[in-house]
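Peer 1: Here you go, one structure.
There are 2 protein chains.
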Amino acid sequence: MENLQVGCKIETKKLIELMEYLKVISDENRLRILCFLKHGERCVCEIHETLNLPQNLTSHHLKILREAELVIARREGKWIHYRLNDEKIRCLTKLYKEVILGG
Amino acid sequence: MENLQVGCKIETKKLIELMEYLKVISDENRLRILCFLKHGERCVCEIHETLNLPQNLTSHHLKILREAELVIARREGKWIHYRLNDEKIRCLTKLYKEVILGG
DNA sequence: GTAATATATCAATAAACATTGATACAATAG
DNA sequence: CTATTGTATCAATGTTTATTGATATATTAC
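What follows is the structure in structure tokens.
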């Protein structure tokens, strides 16, 4: 049944999910981190040194990306390695297409 | 030539362009407006009545969408009709794919 | 145990942004 | 002209969010 209240066939739940995803990635530093991680798994120090970001700021943005499940953390000794969660990103990209492009 | 400073082959200019696009669409009301306009051209009063948004707030969000060139305005008497700028949206979606998914 | 390194958290500040109410502008009707 | 309707702008407010500096936690080396 069509959702007449919002005048849009997209369910509110999906719309909110997309919005939260977009809020997470609509930040220059987080976009740079995501781009950098396309090269493969990297530890926090590699990220913050390569991107010229303060350590605590990098950690903060990684937390936001982690909570959004866009990246996955893995501890190895002192280091914590981050990698992209490709499946989640693909899934949210599908949602983006559905809401923005889809009929 | 690779941009070593940001550790990412994506140029800063593209990254900023994508970020600005994402900031514009990472808002619930603007997403609803974009979804609603998928049905075709609509005037401001139709938008704000259908989406249950105050008129001035609707106008404000439309301005942001207009400045981002995601929608196009057309005056017809007292009414101003808004429609999606499909080409711009397709173009920015391509950029999204390039930055987020592309190698 | 202590020192050193890697990462995370906390508190404070500042900037960006959404929302609201009031008002202005533009077009039409009378 | 005035009144009405549709839309935009402005100023004020409150909320969210990015950033910074200081500190805490965790792991390893000694």
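Read top to bottom, the protein sequences are chains S and A.
Residue numbering for the first sequence follows this note's numbering, starting at 8 and increasing by one per position.
Residue numbering for the second sequence follows this note's numbering, starting at 8 and increasing by one per position.
Each residue gets a CB set at the ideal place from its N, CA and C atoms; glycine is no exception.
Pull up the CB-CB distance for A:L58 and A:R39, whole angstroms please, since I reckon it's below 8 Å.
Peer 2: Indeed, because the Cβ distance is near 5 Å, the residues count as touching under 8 Å.
Peer 1: Between which two residues does the alpha helix (DSSP H) containing S:V189 stretch?
Peer 2: Residue numbering for chain S in the displayed model covers 8 to 110; residue 189 of chain S lies beyond these limits and cannot be assessed.
Peer 1: Is there a C-beta anywhere in chain A that falls below 8 Å from the one on S:E18?
Peer 2: no
Peer 1: Kindly say whether S:G84, judged by its beta-carbon, lies nearer than 8 Å to any beta-carbon of chain A.
Peer 2: no
Peer 1: Which residues bound the beta strand (DSSP E) around A:L118?
Peer 2: In this structure chain A extends from 8 to 110, so residue 118 of chain A is not present and cannot be described.
Peer 1: Would you mind telling me which residues of chain S sit closer than 8 Å to A:L25, beta carbon to beta carbon, in chain order?
Peer 2: L38
Peer 1: Name the residues in the segment 66 to 79 of chain S whose C-beta lies less than 9 Å from a C-beta of chain A; which are they?
Peer 2: Cβ contacts with chain A come from no residue of the segment 66 to 79 of chain S.
Peer 1: What's the C-alpha gap between A:D93 and A:R73?
Peer 2: Note on geometry: alpha-carbon atoms of A:D93 and A:R73 lie some 13 Å from one another.
Peer 1: Only counting the same chain, and skipping five residues up and downstream in sequence, which positions put a Cβ closer than 7 Å to that of S:I96?
Peer 2: L77
Peer 1: Give me the chain A residues within the contact set of S:G110, using Cβ-Cβ distance strictly less than 8 Å, ordered along the chain.
Peer 2: K45
Peer 1: Quick test of your reading: A:C50 and A:H88, contact by CB under 8 Å. State the CB separation rounded to the nearest angstrom.
Peer 2: 5 Å
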